[in-house]
Structures are given as structure tokens and as C-alpha cells.
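There are 2 protein chains.
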Amino acid sequence: MEDHVDPSLVIEDRVDPSSVIEDRVDPSSVIGDRVDPSSVIEDRVDPSSVIEDRVDPSSVVEPPRYFDNQPREHSGTGVPLKNSAQGFVLVHAGAGFHSESKAKEYKTACRKACIKAVAELREGVCALSAVTTALVELENSPITNAGTGSNLNIEGETECDASVMDGKTLNFAAVGALQGIKNPILVARKILLESEKGKLPAGRIPPCFLVGDGAYKWAMAQGMASSTAAALTTRQSMASFKKNKRKLELADQLQNPQKRRSSNLTSDIYQPAMDTVGAVILDSCGQVAAAVSSGGLAMKYPGRIGQAAVYGCGCWAERANGTNAFSSASSTSGCGEQLVRTMLARECTCAMQKEDAHQALLETMQDKFIYSPFLTAEDSVLGGVIVLRCQESSENCEVGSGSRAFMVEFLWAHTTDSMCVGYMSTQDGKPQTSISRLPPEVSTGRSVAIEGGVCRLYNQST
Amino acid sequence: MEDHVDPSLVIEDRVDPSSVIEDRVDPSSVIGDRVDPSSVIEDRVDPSSVIEDRVDPSSVVEPPRYFDNQPREHSGTGVPLKNSAQGFVLVHAGAGFHSESKAKEYKTACRKACIKAVAELREGVCALSAVTTALVELENSPITNAGTGSNLNIEGETECDASVMDGKTLNFAAVGALQGIKNPILVARKILLESEKGKLPAGRIPPCFLVGDGAYKWAMAQGMASSTAAALTTRQSMASFKKNKRKLELADQLQNPQKRRSSNLTSDIYQPAMDTVGAVILDSCGQVAAAVSSGGLAMKYPGRIGQAAVYGCGCWAERANGTNAFSSASSTSGCGEQLVRTMLARECTCAMQKEDAHQALLETMQDKFIYSPFLTAEDSVLGGVIVLRCQESSENCEVGSGSRAFMVEFLWAHTTDSMCVGYMSTQDGKPQTSISRLPPEVSTGRSVAIEGGVCRLYNQST
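The listed protein sequences derive, respectively, from chains H and W.
Read left to right, the first sequence gives residues 23 to 484 (my numbering).
Read left to right, the second sequence gives residues 23 to 484 (my numbering).
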């Protein structure tokens, strides 16, 4: 561990959530006169005053030297020397509503995922492997709405969506409406790895997205383990299902179709924690990956696919290249249909190429999500996202010549009541976790909370 | 019919395909020195010299008056007076390989789809309805790889993907891996219409994407008709399946995994016509819609989802608004996995906001598809797209005061051997059809053929 930089060198720029959230002016009263975003976050701490040794992007005139401008071979990852491997993980356990009573359990799930991922990153594994490891841990937690303990559909079944994207190869794979598998993310990852082997026998093109029974049978043919419905169902997921089933029966008894569809019914479906877990990773090679996994909405129709299985919507990861100065990755959570229509993961990742990551994410959440032209019919826009971006720093760093420094900026933003996140770098002794909450006085689905931090990673190249 | 403009006034700008295609310089020999696209299409006819009374976009200083800057109510479409309703349809019957011997059948399918859609447009139906009508006709043709006669999967089953997007509401719906339904597009459209009614009983969010058994059961619950597997299977689709099954068995007998995956095997799977049918529509209100439907790749795994079910990849439609001068729509066909990774439908539609539609589509097919960073591992990039864009003309038109003129530009482009298209305006007596072909001397999957036309529609507002 002697090569590790003192964790106290990791700079954290956690902004007090109460200072960054402002209830947006009622849009109906503001026509053609949108509030200037820069005036909304007036209480925000000036980043330049806090992140003291943050590199001024404008001073980095050279193009990033480390990242691939040309695609490399898909197989194999350059693994640095042991003890020098660095990396960063940011995870989420859903954007929705996290009760205070269960806050500790959510945080524990995030903490475990961070620790497992960081242990792998220290061993020099690639971002794709580490992000899968983080997701498996989150899926295995019975408290999260993914894998074991997922929300049940209207037939009382566990049906999961998951996807993964490798920023290095830009490859993506997904599973949807998958039953009988403990870790859907492992099937998604297997699809991705198989597709990188080239064409199937007789020149067939390998799939990137498998659903339902077909996805299950494919996983079985690959020798993956199956799981019983009972093993995936927890006491809590079954209790929520029974409660919701009664609410639905009551609602169905109402004669007036208008009333039946009302979202103001006291018998509205209880969404234990709205949606989805996910992670974004930076590995020691400066590559990023992103993944997402979800049990979907409670009482959904069988076969319903949410953003966690849809390209561009659940996760996104893209390496730096000739046009992108930053490697960036994101993973979303919330109302799947709204996250699909707005392609939020891709939008947030692309926004990370702007100079000010915090401002870019805030504007994206406002313009491309809350006020998206694709969601004008929605009275409430519910979602959250975790994002990271990374750039190699061109300045000399303190550890010694021959070493490299990566500047990592990480953020989370949500329009839901709360979002649970955790993060950790390989230089940290333990993960940080947080349940970010909108203040009670603002409108859920119309306001954004945004937080984040910055850290620098030193990687010895010899 | 007396309000109809003489069909001879419709201006067509069909460019000779042999003049617009150039085999691109071998990318491996050109590193960092891309050929200037403007130099590649040097043989292209100068559009300004052919489209004689095309409105100079720079002279249209007023914003489009007809298109919605603000979203309207989702229910109901402004239906103009009978006999004055105008519109335009462009359909495709797949980008892939269309044999000369079956050219007539493909063209007939496109012709029928155009005639049905135009008949509805003349009655004043909205773009969403007309695009569904066109798709039903294409799905019902046994020659196309959609609905009846679809490619069979490796289990010998028909499994279909379809999706539809309404440019007016920006709403989207899809079905994937759907069995037992004659017209998958009708299920997609039903999902879209149901979602516009607001929340489901007990405040549940309506789905936008259903797959597999769940999608089938949902359709049954909506009272839609089911179909037997036998009714969806044609003599030809079964013959192709049996032939492919034998090829696959031969390939599986090869011991060397490398050889088994080779795409140069003489026993490669026969893809009857690679993929997908689709349509784009402009209605008399100036609104656009797009749809796509596919049986997927021959011998695919059950549960495999292609671009026809994925948001942004199979079809896209967007009305003009404050930032978009044109309403535009597109529908794709080809290798589903490649069309997913490049989000080709959305990319092509967004490119339509540039001044020169032809040039914008050519550049998109080159930069965002053939040379996409998301497809660097592919030796051949196979796809096609149909696109239309529309803008209200501000000039006085000849029919009389009070009438409106729409300028419609429509294009198709493909990297596959061939693409079959048809198009018709409400002012035309009959549809035009064409099988566009890459010249034999250029490389399939590395060259683009691009064609299209322009027409003007006059709509009487009184």
C-alpha cells in the first residue's frame, strides 16, 4: 500500500444540498422567460475556491495523451503493475424515495458495492469487470430494486432489465424482462463479451439485446446459473406486492375511468424505492464503464421494458477521443418511460464534454429532462443520474516523475425525493455514502438536487 | 378532386444512382486524412439547377407559422376540409439484397402501402394513422421480412419487432420479440394510444415498450386478434429456415471455433432480404410520423431484439419547433445491432435540420454509420434509411390566396446491395417505386447510395 497516495489528498467538494436546490418558478407563469440557470444555483460554492488544485481546463492545451484516439483491439486490457493500479467507483441504489428507517441498509448496499469494486480496481482489472462486480453486489442486496428483492410485476413475478456499456470499446449489451436469473447484469456482460468474439457460426451476427424466455434460455446455454422465483422474492417484495394488489383491486372497482386513472387516488401503487441500481467506473488505464440494473416499476405489466435495458437510456460510457476531451460515463434511475423518452444517460454523458461539469449536468437535467419537449404531457418528471468524467492532467504531480495524474469529477442529480449514492477511489480507506434529498418545500419532479466532488488519482507508470 | 394541383406540378429530382455513388477510399490507407465528402460526390447534379422552384431556405426569414411551437393536446387532430387534405408517404421494403426475380413483388408491396396511406391522407387522417396503415400493408405482404413471411428464428418461430413515433406528440411505443400477432405495428400503435390516456388505475405509469409473452398477453387483453404460427409462416420463410438449419449444422460440425465464426464460409446463413419495412408520413396538418417493423435476422436467437424495437434506432419523428426549422422523420433497415449502436434513425432525423438535406444525409451515413466510432470492430456496415423533411413555404402559391404550400424533401440512402422504396403524394395519380442498387464494382457495407426528390404540396385552408 506504500504506493498509495494519502487519502487525505483526495479532494472532496461536497456541497450542502440545501444550498443548491431552488424550487423552479412555476413554468406556466413563465412563458418565454426561463429563469437563468446561473441565478438558480447562486448559493453554490464557487468550485474554483474549493477545488484548490483543480486543473484549469483552459490551461490544458495539449490533447489528452493517455486516451485512445484510435480504437484498440477489443480483447485484453493493459493491466498496470500491482500496487500501482488506481481507479474510482460511483454507485447508486436508486432515485425515488428512501425512508429514513431504511437509510442505513441502502447505504450499506452502496458501501459494499464500492469496496468490492475498488478491491478489483486495485488489482488492475478493467472498468468493465469492476462495474459488473459493483452491480452484482447491488443486485444481491435484498433492499434494492434489482436482482433479489426486485419489485414484482402484476403477476407477482420478478422480471429484470439490465445493461452495461464499455467506454473503451463502446460496446453495449442488455437483457430485458428476464426471469429466473439472480444477477441479470452477468447475462448482459456475457452478451457483450460474446459479441466481441466476432460472428457466430455460419456468419450470424451476435445479439446485443435479448429479452424474456429467449434471454433466459441463452443464459442457460452459456452455462450460467438459474435461480428460482422464490429465491428472488423477498418477504418485503411479496408484502409490497400483496398491498399493491389490494390497492389495484380497489381502484378497478371504481366505475369512472377518469377516476381510475387519477394519480391523486389515495390508493396509488406503493413504489418501495422507485427504481434501479447502477455504477460508473474509472479504471487504472483511464477507461470508463457504466451499468444499470432494475426490477422495474411495481405492478408493471409482464414484458414491460424500462430504461435499464434500452440503449442510451439506462447507462452510457464513452472514452476520450479526437473530439471528446473527457472520458465520461453515467447511469440513470427513476421512471423508466421518462428516462427512455429523454435518453437521459446519453444526454448527461455527452454534456460532460462542456467545461463546467456541474453547470452542464444542471442544465441537462432542466432542459433535457424536466422541461424536455419529449415529456410535455407529464406532470411530474422523476429521475436521477450519476455521472463521472475524467481527464489526464498534464501537470507534473507530486509522487515522482513517470507518474500520471487523473482528474476525476463525479456528480449525481435527481428530481425525485431522494437518491442514494456511494463512491470511493482506490486511494480511499473507506467509501463515502449519502442519501441526497430534495428539501420538503420544493416540488418533487420539478426541482433538481445536484451534488458531487472531485478527486485526483496518481498512477505510477513504472 | 378539383382542388388538387395537377400532378405534373410535383417536382421530382431523382438523381441517377450511378452518378452519386463513389467507392470510398480504403479507410485503412487513409489515417487522419479523411476524404472531403464534398469531393466524393462530385458527379452529383447541382440541386439548385434541377429543383427549379425550390424555395431558397435563406429567403424564408419568418419562422414556420404552421407548426406547433407549443405542444398541443394529445387527443384529436385538426382535420382539414375534405378534398383539401394533402400529404406524402415514403415507404421501404428493406435494405439488403433484393433479387431481380423478386423486384416486382417488392415494388408491388411498396406500391400498395403508398396507395393505402395516400387514400387515408386524402381523407384527412393524421400522420400516425396513415403510417400505421402503410405498415400493415407492408407487414401483410408475404415477401417482406415483417409480419407474415418474417425470417424465422433458430427455433423456427416468427418473432417480430415494431415501433412507431408520432412527431406531433413525440410519443413513441414499441413491441419486441412478439409472437402470435399478424400485425405487430398495431400493437405498438395501441401501446402509444393507451399511454396518451394518462396513468393506469392506481397511478401506474403506462408502458411504452413491451416484449415477448407479456406483449402478446397485453395485446390479447386489449381485444386484439391473435394469429397462429402457421399463418405467419410462408412457404418461402420455411424453405429458407430449413436451408439455413442445414448450413448451421454443417458449420457446427467444424471443430475450429475460429473457422466456425468466419463470415467467409460458403455456408453463411442466407438472409432472404436482410431486414425490416418502414414508412414516414407527412399529413395535411404538416405533422410527421415514422414507423418500422421487422422479423429480424434469419436464425436469430429467440428473444433477440433489433433496431425496430429500440428507441432512436428504428424510427424517429419530430415536429418543427422553436429550434427545429423542419419537421422530419426517418425509418431504418439493415443489420439491427449496427443500427442500434449508431442510433441511426435519430441521427438521420436530426441531420435534417441542416440546410442541404442531401449533403447532411450523406455525411451522416458516412460519419455516423460507416465510420462510426461505435462500429470500428465491424468489417461491413449494413443499413439503409428513408428520410423526409418538410417546411411550410412562405411564398404565395398559385392555387389562390388562403392556401398553404409545403416543401417536402425525401431521401433514401443505403450501404447494402439494394433498397426497395416507394413514395407518393396526395397530388399524385400513382406511386413511384424503385429498387436502388449499389453498382457492382463498389464495396457493400463501405459505400453509400443516396437518392431522393422534392415535391410541393398545396393545401387549401378555406
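By construction, the Cβ of each residue, glycine as well, lies at the ideal position given by its N, Cα and C atoms.
Asked: Have a look at the DSSP bridge pairing and note the partners of T180/W.; Found: L174/W
Asked: Using a cut-off of 8 Å between C-beta atoms, extract the partners of M321/W located in chain H.; Found: A224 and R226
Asked: Using a Cβ-Cβ cut-off of less than 7 Å, list which residues of the segment 264 to 277 of chain H approach chain W; keep chain order.; Found: K269, L270, A273 and D274
Asked: Which stretch, first to last residue, makes up the beta strand (DSSP E) that contains R459/H?; Found: Q454 to R459
Asked: Can you tell me the Cβ-Cβ gap for D235/W and I327/W, rounded? I've got them flagged as a contact below 8 Å.; Found: Wrong, their Cβ atoms sit about 14 Å apart, outside the cutoff.
Asked: Skipping 5 residues on each side, what residues in its chain have a beta carbon closer than 6 Å to that of G444/H?; Found: V113, C132, R133, C136, P453 and T455
Asked: Between G300/W, V147/W, K376/W and G467/W, which lies nearest to N205/W when the distance is taken from Cα to Cα?; Found: G300/W
Asked: Per DSSP, what kind of secondary structure is L215/W in: helix, strand or coil?; Found: helix
Asked: Would a check of beta-carbon distances place P194/H closer than 8 Å to chain W?; Found: According to the sequence provided, residue 194/H is Phe. The question's Pro does not apply to it. Closer than 8 Å to some Cβ of chain W, the Cβ of F194/H qualifies, so yes.
Asked: Short of 7 Å in beta carbon distance, which residues of its chain neighbour Q244/W, apart from the five on each side in sequence? Order them along the chain.; Found: K212
Asked: Using a Cβ cut-off of 8 Å, pull out every chain H residue sitting near E161/W, in sequence order please.; Found: Correct list: empty, because the minimum Cβ distance to chain H is about 20 Å.
Asked: Let me check understanding here. Comparing Cα to Cα, which of K129/W, A117/W and S151/W lies closest to D305/W?; Found: S151/W
Asked: Identify the contact partners of W338/W in chain H, using a Cβ-Cβ distance below 9 Å as the criterion.; Found: Going along chain H, no residue has its Cβ under 9 Å from W338/W, so there is no contact; the nearest lies around 11 Å.
Asked: What is the C-beta distance between R413/W and A351/W, in whole angstroms, given that I count them as a contact (C-beta under 8 Å)?; Found: Looking at the sequence provided, one finds Gln at residue 413/W rather than Arg. Contact flag wrong, Cβ pair sits at about 13 Å.
Asked: List, in chain order, every chain W residue whose beta-carbon is nearer than 9 Å to that of I392/H.; Found: The premise fails here: I392/H is roughly 15 Å from chain W at the closest Cβ pair, so nothing lies under 9 Å.
Asked: Short check: CB of K496/W to CB of A382/W, under 8 Å?; Found: Limits of chain W in this structure are 23 at one end and 484 at the other, which puts residue 496/W out of reach.
Asked: Run through the DSSP bridge pairs and tell me what D305/W is partnered with.; Found: In the DSSP output, where bridge partners are listed per residue, D305/W has none listed.
Asked: If you reduce the DSSP assignment to three classes, tell me which class D75/H lands in.; Found: Any answer about D75/H is weak, because its pLDDT of 27 lies below 50 and its placement is not dependable; what the coordinates show is given next. Coil.
Asked: Using the three-state DSSP reduction, which class does R94/W fall into: helix, strand or coil?; Found: Because the pLDDT of R94/W is 26, which lies under 50, any placement of that residue in the model is unreliable, and the question is left without a value.
Asked: Give the DSSP-derived three-state secondary structure of D401/W in the structure shown.; Found: coil
Asked: How big is the Cα-Cα spacing for S163/H and V186/H?; Found: 19 Å
Asked: So, for D55/H: in the same chain, excluding its five sequence neighbours on each side, which residues have a beta-carbon less than 6 Å away from its beta-carbon?; Found: Because the pLDDT of D55/H is 28, which lies under 50, any placement of that residue in the model is unreliable, and the number read from its coordinates should be weighed accordingly. Cβ within range, chain order: n/a, list empty.
Asked: Indicate the three-state DSSP secondary structure (helix, strand or coil) for F194/H in the structure shown.; Found: strand
Asked: Report the rounded CA-to-CA distance for E473/H versus L410/H, giving the unit in angstroms.; Found: 12 Å
Asked: Kindly indicate which residue of A379/W, I203/W and L192/W has the alpha-carbon position closest to the one of G475/W.; Found: A379/W
Asked: If you draw a straight line from the C-alpha of R363/W to the C-alpha of G189/H, how long is it?; Found: 13 Å
Asked: Using only alpha-carbon positions, find the residue among L384/H, F194/H and L361/H that is nearest to E402/H.; Found: Reading off the sequence, residue 402/H comes out as Ser, not Glu. When each option's Cα is compared against that of S402/H, the closest is L361/H.
Asked: With a 10 Å radius around its C-beta and 16 neighbouring C-beta atoms as the bar for buried, classify D274/W as buried or exposed.; Found: exposed
Asked: In terms of alpha-carbon separation, which member of K322/H, M374/H and R144/H lies closest to Q449/H?; Found: R144/H
Asked: Kindly indicate which three-state DSSP category D188/H falls into: helix, strand or coil?; Found: strand
Asked: Pick from A241/W, V302/W and Q309/W: whose alpha carbon is nearest that of V153/W?; Found: V302/W
Asked: Could you tell me which uninterrupted alpha helix (DSSP H) segments, each at least 4 residues in length, are contained entirely in the segment 324 to 398 of chain W, listed from first to last along the chain?; Found: 358 to 364, 366 to 373 and 379 to 387
Asked: Does the Cβ-Cβ distance between C230/H and A199/H come in under 8 Å?; Found: no
Asked: Return the residue from the list I176/W, E218/W and L214/W that minimises the CA-CA distance to L222/H.; Found: I176/W
Asked: For A311/H and chain W, any beta-carbon pair shorter than 8 Å?; Found: no
Asked: Buried or exposed for K126/W, going by 16 or more other Cβ atoms inside 10 Å?; Found: exposed
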